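Just so we're aligned, residue 0 is where the sequence shown starts under numbering that gives the first Met the number 0, counting upward by one. Note that the Cβ used here is the ideal one computed from N, Cα and C, for glycine as well. Quick caveat: nothing in here was measured; it's all calculated off a predicted structure.
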Amino acid sequence: MTPELGQLALILALLLALAQGVLPIVGAWRGNGALMAVARPAAAGQAVFVALAFGLLVWAFVHFDFSVQYVADNSNLALPWYYRIAAVWGAHEGSLLLWIFILNLWTVALAAFSRQLPEVFAARVLGVLGLVAVGFLAFIIFTSNPFGRLLPMPADGGDLNPVLQDPGMTFHPPVLYMGYVGFSVAFAFSIAGLLGGELEQAWVRWARPWTNVAWAFLSGGIVAGSWWAYAELGWGGWWFWDPVENASFMPWLVGAALIHAQAVTEKRGSLRAWTILLSIFAFSLSLLGTFLVRSGVLTSVHAFASDPRRGLFILCFLAVVVGGSLLLYALRAPKVAGGKPFRVVSRETAILVSNLMFTVAAAMVLLGTLFPLVGDALHLGKVSVGPPYFGFLFPLLMLPVVLLLPFGPFLRWGKSDAAPLKSVLLRVAIAATACAIVAAFLVDGQLKAIAGVAAAVWCAVGTLLYVYKRWREVPRGRRYPAEMAGMLLAHFGVGVFLVGVLLSESLSVTRDVRMAPGETQTIGSYQFRFDGVHASRGPNWHAEQGVVTVTRDGKPVAVMHPQKRTYLRGQVQTESAIDPGITRDLYVALGEPMDPAKLEGAWALRLYHKPFVRWIWAGGLFMMLGGFASAADRRFRVRRAAAAAQIEPVAGESRA
Numbered sequence: 000m001t002p003e004l005g006q007l008a009l010i011l012a013l014l015l016a017l018a019q020g021v022l023p024i025v026g027a028w029r030g031n032g033a034l035m036a037v038a039r040p041a042a043a044g045q046a047v048f049v050a051l052a053f054g055l056l057v058w059a060f061v062h063f064d065f066s067v068q069y070v071a072d073n074s075n076l077a078l079p080w081y082y083r084i085a086a087v088w089g090a091h092e093g094s095l096l097l098w099i100f101i102l103n104l105w106t107v108a109l110a111a112f113s114r115q116l117p118e119v120f121a122a123r124v125l126g127v128l129g130l131v132a133v134g135f136l137a138f139i140i141f142t143s144n145p146f147g148r149l150l151p152m153p154a155d156g157g158d159l160n161p162v163l164q165d166p167g168m169t170f171h172p173p174v175l176y177m178g179y180v181g182f183s184v185a186f187a188f189s190i191a192g193l194l195g196g197e198l199e200q201a202w203v204r205w206a207r208p209w210t211n212v213a214w215a216f217l218s219g220g221i222v223a224g225s226w227w228a229y230a231e232l233g234w235g236g237w238w239f240w241d242p243v244e245n246a247s248f249m250p251w252l253v254g255a256a257l258i259h260a261q262a263v264t265e266k267r268g269s270l271r272a273w274t275i276l277l278s279i280f281a282f283s284l285s286l287l288g289t290f291l292v293r294s295g296v297l298t299s300v301h302a303f304a305s306d307p308r309r310g311l312f313i314l315c316f317l318a319v320v321v322g323g324s325l326l327l328y329a330l331r332a333p334k335v336a337g338g339k340p341f342r343v344v345s346r347e348t349a350i351l352v353s354n355l356m357f358t359v360a361a362a363m364v365l366l367g368t369l370f371p372l373v374g375d376a377l378h379l380g381k382v383s384v385g386p387p388y389f390g391f392l393f394p395l396l397m398l399p400v401v402l403l404l405p406f407g408p409f410l411r412w413g414k415s416d417a418a419p420l421k422s423v424l425l426r427v428a429i430a431a432t433a434c435a436i437v438a439a440f441l442v443d444g445q446l447k448a449i450a451g452v453a454a455a456v457w458c459a460v461g462t463l464l465y466v467y468k469r470w471r472e473v474p475r476g477r478r479y480p481a482e483m484a485g486m487l488l489a490h491f492g493v494g495v496f497l498v499g500v501l502l503s504e505s506l507s508v509t510r511d512v513r514m515a516p517g518e519t520q521t522i523g524s525y526q527f528r529f530d531g532v533h534a535s536r537g538p539n540w541h542a543e544q545g546v547v548t549v550t551r552d553g554k555p556v557a558v559m560h561p562q563k564r565t566y567l568r569g570q571v572q573t574e575s576a577i578d579p580g581i582t583r584d585l586y587v588a589l590g591e592p593m594d595p596a597k598l599e600g601a602w603a604l605r606l607y608h609k610p611f612v613r614w615i616w617a618g619g620l621f622m623m624l625g626g627f628a629s630a631a632d633r634r635f636r637v638r639r640a641a642a643a644a645q646i647e648p649v650a651g652e653s654r655a
């Protein structure tokens with residue numbers, strides 16, 4: 000009965016999503032309170048049925064219900080329980096169910112925390128989220144049913160992709176989807192404002208915490224995905240400009256621009272139309288990422304199998320969402336007031352420049368990701384766009400953002416005095432230059448490493464100077480409100496990230512070697528001794544496991560065990576061995592035996608010494624924490640009386 004109950008739950012959820020999407024918006028248009036009141040109960044009911052469907056699929060995996068096609072394809076009797084749970088979202092159908100489950104979590108949270116908003120506005124916001132849910136529930140039911148029957152039921156199933164049998168898979172997709180789907184809330188706020196002509200500053204303040212939380216989750220998801228690729232794929236890299244990596248990075252860039260633009264709109268009333276447009280683009284790029292992963296149009300280690308029907312459905316849904324949103328924007332945005340003017344030397348100008356760079360960078364990544372598709376469609380032959388393109392253009396576009404970052408907090412809204420900025424510039428420049436000079440001697444003139452140290456000090460010192468300024472000038476208890484603390488954490492994280500990227504990229508050493516038992520290779524001050532290979536076995540795999548002893552100046556550092564695993568269905572997967580450290584990682588990947596008949600003979604190994612690589616993920620975590628901290632600011636808590644007073648329609652538009 001599990002498949003039938005799951006399918007029924009999805010159908011009932013679709014019906015409730017239709018009610019949530021249509022009735023409240025019609026009620027807001029007609030001023031009908033009864034129809035608007037449908038929004039919250041319909042959202043709650045939809046969430047219950049989606050949670051039921053999701054729980055039934057989890058139950059089917061945990062209890063080996065191979066009568067469900069999706070379960071039979073992606074698990075087996077030997078798969079550990081934690082990977083059986085991760086297998087729920089390990090392939091196309093289940094990942095979509097996770098997507099709609101998370102959308103319902105966001106919707107229920109919004110329904111619970113939006114009771115202080117004006118009834119008409121809240122009805123429109125929940126209605127827009129209902130319409131988004133309609134699209135994805137229809138997609139699941141008609142093209143991607145995870146509850147399809149397989150009869151007769153096989154005695155055992157297939158297997159979860161070995162690449163996905165990693166601890167990172169248990170949390171990377173859910174966290175990433177929390178970010179992807181979270182931008183639907185900012186999108187819903189913008190569309191609700193456009194529908195009612197309510198484009199004043201109030202709705203932006205209501206949307207800001209939701210945007211910050213979504214961006215923070217997306218940051219965490221990207222960090223987790225980067226770590227998973229580094230640890231699992233055996234390439235020793237943390238970012239490959241893979242099309243699906245790009246699909247998550249584009250909404251992150253636009254989301255970063257949106258967070259800053261919302262601050263300008265809330266504080267000064269400026270950039271209103273631009274903020275709405277960024278909200279539309281952030282969610283549209285999240286949908287585009289869904290299309291890229293699930294249509295199979297682009298090749299990626301992360302992508303699912305190709306299915307033309309699915310690709311066409313998502314493409315049509317994307318066209319409706321983006322086209323409809325932009326049409327509504329074109330009709331309403333010209334009526335938006337311009338807000339307060341600002342001078343060249345002001346916080347608004349700095350944010351506008353950073354917004355421009357973020358959006359141009361996102362467009363550059365989009366072009367590089369989709370250009371192979373366009374080239375193929377136009378019969379230009381196979382076109383490959385890879386790291387040389389992205390690695391050259393992206394740093395150039397981000398350079399102005401990094402240069403402006405220390406000065407942003409010191410700038411005032413509207414108009415700022417240049418004199419204090421000169422003092423900040425002098426101090427930051429002296430610190431960055433001094434550290435760069437010291438680094439030049441330590442890293443033997445490596446320009447990228449020197450630039451990494453200078454950039455990190457530039458960002459970190461500027462942030463710490465502002466921390467000190469607030470501590471000295473502002474009374475205790477008001478020095479670091481949550482919004483400001485979050486900003487400072489995120490900006491500091493940029494500095495940590497930069498030093499990790501540039502030092503690891505410039506100072507890393509990679510060596511492909513042939514080693515017989517007892518032989519030693521030296522990388523820097525570390526000696527790697529190969530002690531041979533022996534057989535090893537896990538719950539659903541067997542492996543050749545190497546033993547590599549690492550010493551430094553004769554003192555033991557680590558004993559590492561890289562593996563080459565063979566899973567039950569014959570798939571082979573390399574499992575690297577990593578010895579982590581604050582300032583370096585040692586990384587060993589086991590290759591092939593020189594003589595396949597002799598495990599005790601020589602083997603091919605890849606050895607890495609990667610300085611400061613963990614600072615990359617530490618920087619990302621600082622940014623994530625900054626997003627969460629900013630969302631917790633008490634200013635974002637809405638009171639009904641204040642909300643009703645602040646919302647104003649665009650001139651000539653009714654509230655309905």
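C-alpha gap between Gln19 and Ala187, whole angstroms = 13 Å
Under 9 Å between the Cβ atoms of Val681 and Val558?
-> Nothing about residue 681 can be reported from this structure: the residues present for the chain run from 0 to 655 only.
For Val495, which of helix, strand or coil comes out of DSSP?
-> helix
In terms of residue numbering, what span does the beta strand (DSSP E) encompassing Ile140 cover?
-> Ile140 -> not in any beta strand (DSSP E); alpha helix (DSSP H) instead, spanning Glu118 to Thr142.
Pick from Leu404, Gly413, Pro592 and Leu291: whose alpha carbon is nearest that of Gly338?
-> Gly413
Verify whether the separation of the beta carbon atoms of Asp632 and Glu472 is less than 9 Å.
-> no
Looking at Leu56 and Val67, is the spacing between their C-beta atoms short of 9 Å?
-> yes
What three-state label does DSSP hand Trp470 in the structure shown?
-> helix
Look at the alpha carbon of Ala90 and the alpha carbon of Ser383, and state the distance between them as a whole number of angstroms.
-> 26 Å
Measuring CB to CB, does Ser657 end up less than 9 Å from Arg469?
-> Since the displayed the chain opens at 0 and closes at 655, residue 657 lies outside it and no answer follows.
Leu585 - containing beta strand (DSSP E), residue span = Arg583 to Pro592
Do Tyr179 and Leu217 have their C-beta atoms closer together than 9 Å?
-> yes
Pro333, buried or exposed, once every other Cβ within 10 Å from all chains shown has been counted against 16 = exposed
What's the gap between the Cα of Ala430 and the Cα of Leu463?
-> 12 Å
Output yes or no for whether 9 Å exceeds the beta carbon distance between Ser324 and Ile279.
-> Yes, Cβ-Cβ distance for Ser324 and Ile279 is below 9 Å.
Please classify Pro2: does DSSP put it in a helix, a strand, or coil?
-> In this structure, Pro2 counts as helix in the three-state DSSP scheme.
Pull up the DSSP beta-bridge partners for Leu604, would you.
-> Val512 and Leu589.
Take the Cβ of Ile221 as the centre, count every other Cβ of all protein chains shown within 10 Å, and call the residue buried at 16 or more, exposed below.
-> So Ile221 ends up on the buried side.
Unbroken stretches of the beta strand (DSSP E), 3 residues or longer, contained in the stretch 323-363 | none
Beta carbon of Leu286 nearer than 9 Å to that of Val321 = Taking 9 Å as the Cβ cut-off, Leu286 and Val321 qualify as a contacting pair.
Whose C-beta lies closer than 8 Å to the C-beta of Arg267 among residues of the same chain, with five residues either side of it excluded?
-> Gly338, Lys339, Phe341, Glu347, Trp412 and Gly413
In chain order, what residues of the same chain lie with their CB nearer than 6 Å to the CB of Met0, ignoring the 5 residues before and after it?
-> Nothing meets the Cβ criterion.
Minimum C-alpha distance to Trp251 - residue among Tyr479, Asp158, Met623 and Leu116 | Looking at the Cα atoms, Met623 is the closest of the given residues.
Below 9 Å between beta carbons: does that hold for Pro561 and Ser575?
-> yes
Residue of Val400, Leu488, Asn103 and Trp457 minimising C-alpha distance to Leu424 = Trp457
Start and end residues, beta strand (DSSP E) containing Pro555 = Membership of Pro555 in the beta strand (DSSP E) is indicated by the continuous run Lys554 to Met559.
Could you round the C-beta distance between Leu277 and Ala246 to whole angstroms and report it? I think they count as a contact, below 8 Å.
-> Going by Cβ atoms, the distance from Leu277 to Ala246 rounds to 18 Å, so no, they are not a contact pair.
Supposed close pair Ser143, Leu95 - CB separation, criterion 8 Å = Their Cβ separation, rounded to whole angstroms, is 5 Å, which keeps Ser143 and Leu95 in contact under 8 Å.
Taking Val532 and Trp237 to be in contact with their CB atoms under 8 Å, please state how far apart those CB atoms are, rounded to whole angstroms.
-> Actually they are not in contact, since the Cβ atoms of Val532 and Trp237 sit about 27 Å apart, beyond 8 Å.
Pair within 9 Å by beta-carbon distance, Val495 and Phe621 = Cβ distance < 9 Å, so Val495 and Phe621 count as in contact.
May I have the straight-line CA-CA distance separating Gly156 from Ile101, to the nearest angstrom?
-> 28 Å
DSSP puts Ala201 in a beta bridge; with which residues?
-> Beta-bridge pairing links Ala201 to no other residue.
Whole-number beta carbon distance between Leu497 and Ala448, since they are thought to touch under 8 Å | Going by Cβ atoms, the distance from Ala448 to Leu497 rounds to 11 Å, so no, they are not a contact pair.
Strand pairing of Val571, partner residues [DSSP] = Thr565
Answer with buried or exposed for Ile436, where buried requires no fewer than 16 other C-beta atoms within 10 angstroms of its C-beta.
-> With fewer than 16 Cβ atoms within 10 Å of its Cβ, Ile436 is classed as exposed.
Answer with buried or exposed for Ala185, where buried requires no fewer than 16 other C-beta atoms within 10 angstroms of its C-beta.
-> Here Ala185 is buried: its Cβ has 16 or more other Cβ atoms, across all protein chains shown, within 10 Å.
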